[in-house]
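Residues in the sequence shown are numbered from 1188 upward in steps of one, following our numbering.
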Amino acid sequence: MIRLFYLTDSLEAAVQASQKLHEAGVTDWNFHVLSSDEYGLYRQQLHGAAPWQKRDILRSGERGAMLGLSIGVALALLLMFTSSSEFLQHPLVAVSIAGVCTLFGAWVGGLFGISAENHQVARFHDDIAAGKYLLLVDVRKSRLSVIKGLMASIPGAPLVGADQTVILPFARA
1188 MIRLFYLTDS LEAAVQASQK LHEAGVTDWN FHVLSSDEYG LYRQQLHGAA PWQKRDILRS
1248 GERGAMLGLS IGVALALLLM FTSSSEFLQH PLVAVSIAGV CTLFGAWVGG LFGISAENHQ
1308 VARFHDDIAA GKYLLLVDVR KSRLSVIKGL MASIPGAPLV GADQTVILPF ARA
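In structure tokens, the structure reads:
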């Protein structure tokens, strides 16, 4: 899926976009609004962005898991080949060590991600802080031109970017 980013100055344009997208079959699961005016979104019954769309939890968690796995495998191999204990040389112990290190790395990475703004929306930080509304619309490639045409009919809501919905741990910010 492709994530389209639209930026608007008014809550009315966001509501109009929501209505048109719902009529076109786009569900709340695939349409979110990111704004500093959370109460306005709630009052207009707009689907606000989820925490993982605001913060970099998933990407940082994936990075932490990969680092944890690398450290866990290295530690397990070190213990298997340097230990004289048969218990520490058992493959199940090695898998357990690698698994625990991976989970710990994912947890620590996620904690770091909570403090970082989502890399896809960070470029719109100043606009959101200034009171604008960022619309995130997830569409299948087959419906991309239909949704772009629909959104082009909404005044004051220009397309400002596009990205993929898959979270790549080493994608550029």
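For each residue, glycine too, the CB sits at the ideal point set by N, CA and C. These figures come from a predicted structure and were not determined experimentally.
- Annotated as distal: Tyr-1229 and Val-1324, with beta-carbon spacing of 8 Å or more.
- Relative to Ile-1334, the option among Ser-1272, Ala-1204 and Val-1287 whose CA is nearest is Ala-1204.
- Excluding its 5 nearest sequence neighbours in each direction, Leu-1245 has C-beta neighbours in its own chain below 6 Å: Trp-1239 and Ile-1354, listed in chain order.
- If only complete runs of 3 or more residues are kept, the stretch 1234 to 1315 shows no beta strand (DSSP E) anywhere.
- A straight line joining the alpha-carbon of His-1277 with that of Leu-1265 spans about 12 Å.
- Rounded to the nearest angstrom, the Cβ distance from Thr-1195 to Gly-1343 is 5 Å, consistent with a contact under 8 Å.
- Per DSSP, Ile-1354 lies in no beta strand (DSSP E) segment and is marked neither H nor E.
- For Arg-1330, there is no enclosing beta strand (DSSP E), as DSSP marks it with neither H nor E.
- Scanning its chain for C-beta atoms nearer than 8 Å, with the 5 sequence neighbours on each side dropped, one finds around Leu-1256 the residues Ala-1285, Cys-1288, Thr-1289 and Gly-1292, in chain order.
- Annotated three-state conformation of Asp-1215 is helix, per DSSP.
- Cβ atoms of Arg-1242 and Glu-1304 come within 8 Å of each other, at about 7 Å.
- With distances taken between CA atoms, Ala-1200 lies nearest to Ile-1341 out of Leu-1191, Gln-1351, Ile-1341 and Glu-1273.
- If you draw a straight line from the Cα of His-1306 to the Cα of Pro-1356, it comes to about 10 Å.
- Counting other Cβ atoms within 10 Å of its Cβ, Gly-1297 reaches 16 or more and is therefore classed as buried.
- Contact check for Val-1326 against Met-1188 passes: the beta carbons are separated by less than 8 Å.
- Bounds of any alpha helix (DSSP H) do not take in Ser-1222, whose DSSP letter is neither H nor E.
- Around the Cβ of Ser-1222, a 10 Å sphere holds 16 or more other Cβ atoms; the residue is buried.
- The beta carbon of Phe-1274 sits closer than 8 Å to those of Val-1280, all from its chain and outside the five residues before and after it, given in chain order.
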